[in-house]
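Written below as structure tokens is the structure these notes are about.
What follows is the structure, given as structure tokens:
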């Protein structure tokens, strides 16, 4: 009997990975299900709230008399579309400029060893841990002097301080995954490094560019501190600032707020889920090899 | 991918390079990397430029490529940084900085006052209070996030039905813009109408003043930050786990290692590099996590959840008159603290590296 149970215990531990007892399986699914509910519930709840008429906004019913009134109100009676446009503009330009400026640096750092590379890598790393607290006042004064407060351009320039080091860092990670042999073949065929970069590597790095750009976009899309400090007045606000006014100005208009949250989150979440697999690879690869 | 590559190589070769251009460029573009250089040299039949000149030429390319970023770093990060440090040594406030009102330009009248701001901030018990809470907040958030991320990654690192669906669901918090999630949580935490309290009431438990009581507010902000941070941690660690060779586990199973032993002696060491990176990143992010605190509690109730970064923001943009100098002082102190942390962290890693 004892040998029997010892044997079965051994068999259990020697079970190929991926096969488990019913109990372990229940535990696995149970834990993951609870975690998934916790992860999804807040977002789901906001979605449901956004579909409820105002009088039910704070009820615990899942969905009662679903309606799109909140969305209609948002579009017709608030500056939501203006904020949305501002955010698209600011985040879009930041992304394009950030990726454009950073791509060559990512390539140089990935492929060449040159004097100044170490300090540059360190600067890129360190600027990522800069608290905005130290840059925000000088940038605020600088934008004030240049007349760029309350201007999308001012916010774009500010966001480049976040986007550029980050994009360069991630682009390095992506270029590292492209075999050096491709560069070499390019050189053999007579391309100079710019040519190699432009004609061979950049086309191959398109997925990387997309992911980096997308991440720069959602970083700018979700930025709060600079947006709160630099943009004043309804028509200049970006979404981060605009959403705040719902809670203060419209006396906790939860229905409209949830609808706004959903409209802000859906496009970002959609692209994010598409890009995330490459995202972590890019981030941690850059960090561990740096 | 391979087909694509060879195509574009061929196109590039056909397009524009005669033999002359080829050899000229080849000479200049040699990588400093010995291996690659040797390969290219072998193929081209070897061109013998002096090493120094070749090195200089190579660096010229690299330097040209990094110029845009260096300019950006210098102009919009370097200059403000220097100016921020300078501001922290002055008595600049909203009232005495130069500004333009309409067509009138008012000259700046603030003065250099040395380290007075630092003395003032450091002598104020508020600093220590904020520091203790910021450190508590960071340690709590990072350790809980890491533990949960590791646990979930371990569970997901197996083959089973529905894995992709679970993974998708668990990543969702990361996909939602941070400030939207924080608003969502504010809604859930609402004292009278929030769903959390309604659920508790349903279970016969009296309502919890989530955001109105200092202790509960601290728990609430940590919970939200953990909720936001777990997906990144989980995905990064999962990636790390999947890069550990399966043979290691097979060998360990042959030797009769228990699942726990396998986890302890294969998974954890295998995850070391990734763990170190994500812990460093998430420590820095959490230390500077502005939106969660600012949007969830505004530092309140009172000032109980104010961290260093929100305090710096408050000095410059919330209190009146806006105190730019003191805000910059807080900023410099935060930067010093983080730099110290990064250096200590690096050193301790090195030491560990020698031991291992």
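Protein chains in written order, with this note's numbering: chain A, -12 to 277; chain B, 235 to 590. Where a beta carbon is used, it is the ideal one built from N, C-alpha and C, also for glycine.
Interface annotation, residue 444/B: not in contact with chain A, CB-CB separation never under 9 Å. For residue 123/A, the nearest beta carbon of chain B is closer than 9 Å to its own beta carbon.
Pairwise C-beta distances place the stretch 79 to 86 of chain A in contact with the stretch 142 to 162 of chain A, as three or more of them are shorter than 8 Å. Judged by DSSP secondary structure, residue 93/A falls within the alpha helix (DSSP H) whose first and last residues are 67 to 98. Contact between the stretch 462 to 470 of chain B and the stretch 379 to 386 of chain B is present: three or more C-beta pairs spanning the two stretches fall below 8 Å. One alpha carbon belongs to residue 38/A, the other to residue 31/A, and they sit about 11 Å apart. Taking a Cβ-Cβ cut-off of 7 Å, the neighbours of residue 318/B in chain A comprise 121, 122, 124, 125, given in sequence order. For residue 439/B, the three-state secondary structure derived from DSSP is coil. Ranked by Cα distance from residue 129/A, the first of 211/A, 24/A, 144/A is 144/A. If you compare the alpha carbons of 231/A, 205/A, 111/A with that of residue 410/B, the shortest gap goes to 205/A. Within chain A, the residues 120 have their CB atoms less than 8 Å from the CB of residue 564/B, given in chain order. With distances taken between CA atoms, residue 387/B lies nearest to 508/B out of 508/B, 538/B, 423/B, 525/B. DSSP lists 346/B as the beta-bridge partner residues of residue 324/B.
By the Cβ test, the stretch 190 to 202 of chain A is in contact with the stretch 254 to 266 of chain A, since at least three Cβ pairs between them sit closer than 8 Å. Between the alpha carbons of residue 473/B and residue 444/B lies a gap of roughly 35 Å.
In this structure, residue 325/B lies near residue 559/B, with their beta-carbon atoms less than 9 Å apart. Three or more beta-carbon pairs separated by less than 8 Å link the stretch 157 to 165 of chain A to the stretch 97 to 116 of chain A, which places the two stretches in contact.
Contact note: residue 522/B reaches chain A through 116, 117, 118, 119, 120, using a C-beta cutoff of 9 Å and chain order.
Relative to the Cα of residue 55/A, the nearest Cα in the group 256/A, 243/A, 251/A, 258/A belongs to 243/A. CA-CA distance, residue 550/B to residue 417/B, rounds to 24 Å. Cβ-Cβ distances below 6 Å link residue 456/B to 374, 375 in the same chain, with the five nearest sequence neighbours on each side left out; the list follows chain order. In this structure, 245/A is the residue among 245/A, 92/A, 259/A, 257/A with its C-alpha nearest to the C-alpha of residue 61/A. Taking a Cβ-Cβ cut-off of 9 Å, the neighbours of residue 251/A in chain B comprise 410, 411, 413, 414, given in sequence order. By the criterion of at least three beta-carbon pairs nearer than 8 Å, the stretch 88 to 95 of chain A is in contact with the stretch 179 to 189 of chain A. Separation of residue 531/B and residue 73/A (C-alpha to C-alpha, rounded to the nearest whole angstrom) is 26 Å. In the structure shown, the three-state DSSP call for residue 132/A is helix. Listed along chain B, the residues sitting closer than 9 Å to residue 88/A by beta-carbon distance are 302, 303, 305, 306. Annotation for residue 143/A: the continuous alpha helix (DSSP H) segment containing it runs 139 to 163. For residue 387/B, the uninterrupted alpha helix (DSSP H) segment begins and ends at 359 to 390. Between residue 346/B and chain A, the shortest Cβ-Cβ separation is not below 9 Å.
Per DSSP, reduced to three states, the secondary structure at residue 572/B is helical.
For a Cβ distance threshold of 7 Å, residue set 91, 92, 94, 95 of chain A lies close to residue 299/B, ordered along the chain.
Taking residue 569/B as reference, the option from 120/A, 174/A, 181/A with the minimal CA-CA separation is 120/A.
With a cutoff of 9 Å on beta-carbon distance, residue 18/A and residue 389/B are scored as near each other. The criterion of a C-beta distance shorter than 9 Å is not satisfied by residue 295/B and residue 139/A. Here residue 94/A is not near residue 217/A, since their CB atoms are 9 Å or more apart.
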